[in-house]
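Heads up: the structure comes next, in structure tokens.
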Amino acid sequence: MFTLPPLPYTYDALEPYIDAQTMEIHHSKHHQAYVDKLNGAVVGTEWEEKPLDELLQSLPLLPDNIKTVVKNHGWGHRNHTFFWNIMIPGWSTPSDNFMQIINKNFGSFDSFKEQFATAALANFGSGRTRLIKKHDDLEIVNTPNQNNPLMDYNKAILGIDVREHAYYLKYQNRRAEYLTNRRSVVNWNKVEELYNK
Ligand code: MN3
């Protein structure tokens, strides 16, 4: 059985940038639903004991009646676990080393922030916008729904949920404002750790 991982901080820890009610609903309702639906698909099958990574890598081998559910909800579970962990209460900034990597790829930190926000604003509907490590370079990639076309989430080192449930209670239609405020809670140490993995 898959279980909902506890958040690494309290629901109100990212206030005022991300409000406690949004965090609580996003984690205890939305993320929980991904876990429950994933369990509903695999429990009682030969796949129930597989670790999540292995299960997701085995998608093409899964029977048709559970393949789509496992793909959507398995990735939903994985994506949200990742999302909680690349946020942190309090202001964090990239280290000098990582800043050099950002500068090399995007010209400057401001330019990176602008390019990331532009991509996230253009990410129609309910996708994710990610910073991806490709070889040693960085790239900004938009993906729809819970899709991760790279099939290797380890390459994603920063991601943002632009689905409305991630911000609507506080920001309504003001996605740009959510994106700006979301910057205040990026866990840059974690991003760099993933880059160096
Ligand atoms: Mn979400």
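First residue of the sequence shown? That's 43 in the working numbering, and the numbers climb one at a time after it.
From the three backbone atoms N, C-alpha and C, an ideal C-beta is built for every residue, glycine too.
A residue is called buried when at least 16 other Cβ atoms come within 10 angstroms of its Cβ; Gly116 meets this threshold and is buried. Within the stretch 101-127, the complete alpha helix (DSSP H) segments at least 4 residues long are 106-111 and 117-127, listed from N- to C-terminus. Judged by DSSP secondary structure, Ala198 falls outside any alpha helix (DSSP H) and instead within the beta strand (DSSP E) spanning Ala198 to Asp203. Per DSSP, the unbroken alpha helix (DSSP H) holding Arg224 starts and ends at Arg217 to Arg224. The beta-carbon distance between Ser134 and Val228, rounded to whole angstroms, is 6 Å. This is short enough to meet the 8 Å contact definition. From the listed residues Leu180, Phe125 and Leu163, the smallest Cα separation to Phe151 is found for Leu180. At least one heavy atom of the ligand MN3 sits closer than 6 Å to the Cβ of Ala208. Straight across, the Cα-Cα distance linking Leu221 with Phe125 is about 14 Å.
For a cut-off of 8 Å, the C-beta gap from Phe154 to Ile143 is around 10 Å, too long to register as a contact. For Leu97, the uninterrupted alpha helix (DSSP H) run begins and ends at Leu94 to Gln99, by DSSP. One thing to note: Val84 has its Cβ no nearer than 7 Å to the Cβ of Leu46. Straight-line spacing of the CA atoms in Val233 and Lys239 works out to 10 Å. For Asp152, the enclosing alpha helix (DSSP H) begins and ends at Phe151 to Ala164.
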